[in-house]
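Going letter by letter, the sequence shown gives residues 1223 to 1720 in our numbering.
Note that beta-carbon positions come from the ideal geometry of N, C-alpha and C, so glycine has one too.
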Amino acid sequence: MSAPALHDLTLAQASAQLASGQTTSEALTRHALARIDAHAHLGAFLHIDTDGALSAARAADARRAAGQALGALDGLPIAHKDIFVTQGQPTTAASKILTGYQSPFDATVVAKLKAAGAVSVGKLNCDEFAMGGSNENSAYGVARNPWDTQRIPGGSSGASAVAVAARLVGATTGTDTGGSIRQPAALTGITGIKPTYGRCSRYGMIAFASSLDQAGPMARNAEDCALLLQAMSGFDERDATSAQQAVPDWVGSLKAPRAGATAAQPLAGLRVGVPKEFFGAGVSADVLEATRAALAQLQQLGATLVDVSLPRTELSIPVYYIIAPAEASSNLSRFDGVKFGHRAKQYGDLADMYRKTRAEGFGPEVKRRIMIGTYVLSHGYYDAYYLQAQKLRRMIADDFQAAFKACDVIAGPVAPTVARPIGSQTDPVAEYLADIFTLPASLAGLPGMSVPAGLGDHGLPVGLQLIGNYWQEGALLHTAHAFQQATDWHQRAPQGLS
Ligand code: GLN
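This is the structure we're talking about:
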């Protein structure tokens, strides 16, 4: 058998090749840059930092040559969603309003990955300000699903998923406010995890809905996600909601067997909760079939399936689409033409400058959310909408705690269908409804993961969602890893991809 091409290596494999001297960071980085160039039609990158990446790669090779003890990510090319601010590279949040903006500092997540030696090759397309689930809301064009370039890759971290699925880089960062890591991971056949709210610092992550936003890794498999998450996590005093939680050794614990596990039954003793509300009307037959097959596979690996109920699943849609726009309307008020990015060329007084700058700078979906958010927070409507949504949000979180009395992880679909064609959805409400299975964990602040679980209609990927209790990312990664030892869905590459 011939050796796999450099772009087919997982992070763990590429790391082993660096350690054994089979390849260099510069070779990996040059290969990634050439591949990004060759696949420019996918629309994945908003900025490519050729010089910065090559000099970081050479520095990594020099550290290795000097015999320094290096972490597993040292010298590996990655890329960041363009929602993280980066010192040496532009940051736009895929919005025109940030055209020309350059941050004076790195986001904590970016700084941590840099400190771990990872080589950032550039910034990835996404939905404007992470608002959307298709990448169609980017001001800089769509990103295309490598499984079928006429289809969406999902969103908002759409290009973070494209870059991994098309094997442009081994891993990327994403953010998830209501599903934006899990849903694009599912639609492109890769693995992604949104950790518990508070696990990764939000410092330098351009805010959409601050009580929901979380960073997380997107990669080919659970092991690579663990490698990245390990480096991204940890308390940060510059984020007021960052949690004082020790970061466990996720990478090491993937290999540690569960108590009572055997080689054939690595998941013996694991109770997997199956919420009936995740298997009802609206889920397409192909997604149901792949999800059920994945559950059966977990059972074969020794897990026990238990029925649980998340009775307010449907309500998570109105609750999220009140709370997230409310927070967004406040967060986005800082983009007014004074400090950051775009300013209208012609205006009368100051108010006119704000008005024109914002009218020109924001896209239609962002404007819609600012208007919804301003409305639900306004005097006379606050109690009817925002306050009610906050109360229901707490009840949704309580429902999860009731479910976790009977199970260790919860499993179900990520998205109700496989990736749809670009341009095929013009009704925003219908688009919001498709977030039904990712919103509940976001509202509760729980960790959630998407694991490749099969191919549905048109041969397109389907993801299995795993949801854990607070700080139980380890249980998700371990379950996903065991599943991936027994299945090869995560190894399927898009057909026709050169
Ligand atoms: N699709 C959801 C939305 O449009 C989630 C986005 C996200 O998680 N950033 O808000």
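Following a CB-centred definition, is residue i positioned closer than 7 Å to any heavy atom of the ligand GLN?
i, result
"D1649", "no"
"G1595", "no"
"S1727", "Residue coverage of the chain in this structure runs from 1223 to 1720, which leaves residue 1727 outside it and unanswerable."
"M1353", "yes"
"S1433", "no"
"F1430", "yes"
"A1637", "no"
"S1552", "no"
"S1378", "yes"
"D1657", "yes"
"A1751", "The chain is shown from 1223 up to 1720; residue 1751 falls before or after that span and cannot be answered."
"A1546", "yes"
"T1410", "no"
"T1701", "no"
"T1418", "no"
"D1304", "no"
"T1399", "yes"
Take the Cβ of residue i as the centre, count every other Cβ of all protein chains shown within 10 Å, and call the residue buried at 16 or more, exposed below.
i, result
"F1327", "exposed"
"R1616", "exposed"
"K1193", "As shown, the chain starts at 1223 and ends at 1720. That puts residue 1193 outside it, with no answer to give."
"D1529", "exposed"
"V1651", "exposed"
"K1477", "exposed"
"V1560", "exposed"
"M1454", "buried"
"P1643", "exposed"
"K1303", "buried"
"A1516", "buried"
"H1263", "exposed"
"E1459", "exposed"
"Q1717", "exposed"
"P1226", "exposed"
"Q1519", "buried"
"G1339", "buried"
"M1593", "exposed"
"D1273", "exposed"
"Q1290", "exposed"
"R1591", "buried"
"S1646", "exposed"
"D1296", "buried"
"Q1713", "exposed"
"L1231", "buried"
"R1556", "exposed"
Mind checking if residue i is an interface residue toward chain C, Cβ cutoff 8 Å exclusive?
i, result
"Y1607", "In the structure shown, chain C does not exist; there is a single protein chain."
**Every unbroken beta strand (DSSP E) within the segment 1396 to 1423, with a cutoff of 3 residues, ordered by chain** = 1413 to 1416
**Message:** Please give me, in chain order, every unbroken run of the beta strand (DSSP E) with length at least 3 that falls completely inside the segment 1251 to 1316.
**Reply:** 1267 to 1270, 1299 to 1303
**Prompt:** Okay, do the segment 1434 to 1450 and the segment 1693 to 1707 touch, 3+ Cβ pairs below 8 Å being the bar?
**Reply:** Yes, since at least three Cβ pairs between the segment 1434 to 1450 and the segment 1693 to 1707 fall closer than 8 Å, the two stretches touch.
**Message:** Contact between the segment 1347 to 1359 and the segment 1368 to 1380 is defined here as three or more beta-carbon pairs at a separation below 8 Å; is this criterion met?
**Reply:** yes
**Request:** Just list the alpha helix (DSSP H) runs in the segment 1415 to 1502, keeping only unbroken ones of 4 residues or longer that don't cross its boundaries, in chain order.
**Result:** 1444 to 1454, 1472 to 1477
**Request:** Would you list, in sequence order, the uninterrupted beta strand (DSSP E) runs of no fewer than 3 residues that lie entirely inside the segment 1596 to 1680?
**Result:** For the segment 1596 to 1680, whole beta strand (DSSP E) runs of length 3 or above, ordered along the chain, are 1631 to 1635, 1670 to 1677.
**Item:** Segment contact, 8 Å Cβ cut-off, at least three pairs: the segment 1595 to 1613 with the segment 1547 to 1565
**Value:** Contact between the segment 1595 to 1613 and the segment 1547 to 1565 is established, with three or more Cβ pairs separated by less than 8 Å.
**Request:** Determine, using beta-carbon pairs with one atom in the segment 1417 to 1428 and one in the segment 1460 to 1472, whether at least three such pairs fall under 8 Å.
**Result:** Yes, since at least three Cβ pairs between the segment 1417 to 1428 and the segment 1460 to 1472 fall closer than 8 Å, the two stretches touch.
**Message:** Taking 8 Å as the cut-off, does the segment 1309 to 1317 touch the segment 1248 to 1256 (at least 3 CB pairs, one atom from each stretch)?
**Reply:** no
**Message:** Whether or not the segment 1651 to 1660 and the segment 1353 to 1362 are in contact is what I'm after, with contact meaning three or more pairs of Cβ atoms, one per stretch, closer than 8 Å; do they touch?
**Reply:** yes
**Asked** Counting pairs of beta carbons, one from the segment 1621 to 1639 and one from the segment 1495 to 1508, are three or more of them closer than 8 Å?
**Response** Result yes; three or more Cβ-Cβ pairs closer than 8 Å.
**Prompt:** What are the uninterrupted segments assigned as beta strand (DSSP E) that are 3 or more residues long and contained completely in the segment 1338 to 1393, given in chain order?
**Reply:** Within the segment 1338 to 1393, the runs of beta strand (DSSP E) at least 3 residues long that lie entirely inside it are, in chain order, 1341 to 1346.
**Prompt:** Are the segment 1657 to 1664 and the segment 1396 to 1406 touching, with three or more C-beta to C-beta distances below 8 Å?
**Reply:** yes
**Request:** Check whether the segment 1382 to 1391 touches the segment 1253 to 1270, taking contact to mean three or more Cβ pairs, one atom from each stretch, closer than 8 Å.
**Result:** Yes, they touch.
**Prompt:** When the Cβ atoms of the segment 1360 to 1372 are set against those of the segment 1502 to 1515, are three or more pairs found closer than 8 Å?
**Reply:** no
**Item:** Every unbroken alpha helix (DSSP H) within the segment 1494 to 1564, with a cutoff of 4 residues, ordered by chain
**Value:** 1507 to 1522, 1538 to 1553
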